[in-house]
DNA sequence: CTCTAATTGATACTTGATATCAATAAATGT
DNA sequence: ACATTTATTGATATCAAGTATCAATTAGAG
Ligand SMILES: [Zn+2]
Ligand SMILES: [Zn+2]
Ligand SMILES: [Zn+2]
Ligand SMILES: [Zn+2]
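Protein chains in written order, with the numbering used here: chain A, 1 to 152; chain B, 153 to 304.
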């Protein structure tokens, strides 16, 4: 059930696919390899550009498998394409730098406690939640000349 | 500075536009009127369908103005077009029914307290946040035959 | 090595949204 | 009321993100 965990604590992406009964192919290895090489969150188009020899459809399909497997988090961005980041710990939330797009993770038990206390107040059954904190990251605070990494 | 407030506590949409120096036109009144008539969150395409005599560009432009004015909340949905809902109170978060798409609002001071306590932990300056709770709403719990309202 | 089912990727298409720009309508001043 | 100016409109073209199709290829089982 639980996917393989590598030293860093994050899920091994190829194994995550294999665990779902998917074949190990060159195209999928190219995609997972590239994602693991990246340290930051990325968009599907980023990957397509980085991997011109892998078809767009395959890039999108592989990302979808990884999200379904829980190995990638899909972060809806207010305008434009969603970003993806490797899910390094089990349950967490994200920080997103509004200047450079860098994505971080945080865990805070209080967030979950808030949910439990809201259960009374909310007119229905809670089935999930999402929280993002928008920040100006340390790097961007120190660099007045920062440019959006995700060039569009 | 603060936009006009009507009895219900929500912002009057036409006034919100006027407050931004925009002209009061028939097309804009049609859009704001329709939004106020709707009780639920909606997509841009919903409005276009409901208002065939208003050009798509105008519908999208008017929505953008209303979001900029803070009169509408834009809710990024994981797949597909964002939904919009009237901002009824100043600062709040949203519940989204995963079955029917109904959007609600909630306020909880603990959420804001969590943020303050995270300030130490987060590597940068917090500039904003977003939280959504996914629910099965009361109506959907009682109705096994519920159909997604947002037909696609 | 063979066979079968899964996978790939070029292409066409869909959807959501924006840019263009001539025609129209709102505000302003006379 | 009328002329002038400027904002607005909306048909159309275009863009962007992502999916469907499907013949050709390839992985994995036997
Ligand atoms: Zn994550
Ligand atoms: Zn940054
Ligand atoms: Zn519901
Ligand atoms: Zn809040």
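In this text, a Cβ means the ideal position worked out from N, Cα and C, and glycines have one as well.
Mapping DSSP to helix, strand and coil, what is residue i?
i: residue 252/B; result: coil
i: residue 5/A; result: Here the model assigns residue 5/A a pLDDT of 41, short of 50, so the residue's position is not dependable, and the following value carries that caveat. Strand at residue 5/A.
i: residue 294/B; result: helix
i: residue 262/B; result: helix
i: residue 32/A; result: helix
i: residue 122/A; result: coil
i: residue 217/B; result: helix
i: residue 58/A; result: helix
i: residue 20/A; result: coil
i: residue 72/A; result: strand
i: residue 282/B; result: strand
Quick one: is residue i near chain A, going by C-beta distance under 7 Å?
i: residue 225/B; result: no
i: residue 284/B; result: yes
i: residue 278/B; result: yes
i: residue 263/B; result: yes
i: residue 216/B; result: no
i: residue 241/B; result: no
i: residue 306/B; result: The displayed coordinates of chain B run from 153 to 304. Any statement about residue 306/B would go beyond what the structure contains.
i: residue 238/B; result: no
i: residue 211/B; result: no
i: residue 244/B; result: no
i: residue 169/B; result: no
i: residue 174/B; result: no
Of all Cβ atoms in chain B, is any one closer than 7 Å to the Cβ of residue i?
i: residue 122/A; result: yes
i: residue 138/A; result: yes
i: residue 118/A; result: yes
i: residue 114/A; result: yes
i: residue 52/A; result: no
i: residue 98/A; result: yes
i: residue 135/A; result: yes
i: residue 13/A; result: no
i: residue 38/A; result: no
i: residue 47/A; result: no
Classify residue i: buried if its beta carbon has 16 or more other beta carbons within 10 angstroms, exposed otherwise.
i: residue 26/A; result: exposed
i: residue 284/B; result: buried
i: residue 59/A; result: buried
i: residue 85/A; result: buried
i: residue 89/A; result: exposed
Which value, in whole angstroms, describes the spacing of the CA atoms of residue i and residue j?
i: residue 279/B; j: residue 263/B; result: 15 Å
i: residue 290/B; j: residue 248/B; result: 12 Å
i: residue 20/A; j: residue 281/B; result: 34 Å
i: residue 191/B; j: residue 184/B; result: 13 Å
i: residue 208/B; j: residue 180/B; result: 12 Å
i: residue 22/A; j: residue 104/A; result: 29 Å
i: residue 135/A; j: residue 46/A; result: 22 Å
i: residue 116/A; j: residue 246/B; result: 16 Å
i: residue 276/B; j: residue 87/A; result: 21 Å
i: residue 13/A; j: residue 66/A; result: 7 Å
i: residue 24/A; j: residue 37/A; result: 18 Å
i: residue 167/B; j: residue 102/A; result: 38 Å
i: residue 225/B; j: residue 54/A; result: 38 Å
i: residue 266/B; j: residue 121/A; result: 18 Å
i: residue 163/A; j: residue 250/B; result: Only positions 1 to 152 of chain A appear in this structure, which leaves residue 163/A out of reach.
i: residue 64/A; j: residue 79/A; result: 20 Å
i: residue 71/A; j: residue 41/A; result: 13 Å
i: residue 109/A; j: residue 68/A; result: 25 Å
Can you list, in chain order, the residues of its chain with a C-beta nearer than 7 Å to that of residue i? Leave out the 5 residues immediately preceding and following it.
i: residue 77/A; result: 83
i: residue 119/A; result: 126
i: residue 186/B; result: 199, 202, 203
What residues in its chain sit with their C-beta under 6 Å from that of residue i, if we drop five residues either side in the sequence?
i: residue 43/A; result: 81, 83
i: residue 107/A; result: 92
If I measure Cβ to Cβ from residue i and keep anything under 8 Å in the same chain, skipping five residues before and after, which residues do I get?
i: residue 214/B; result: 169, 179, 180, 183, 184
i: residue 295/B; result: none
Practice item. Would you list the residues whose beta-carbon is nearer than 6 Å to any heavy atom of ligand 5, in the order they occur in the chain? Key: Ligands displayed in this structure: ligand 1, ligand 2, ligand 3 and ligand 4; ligand 5 is not among them.
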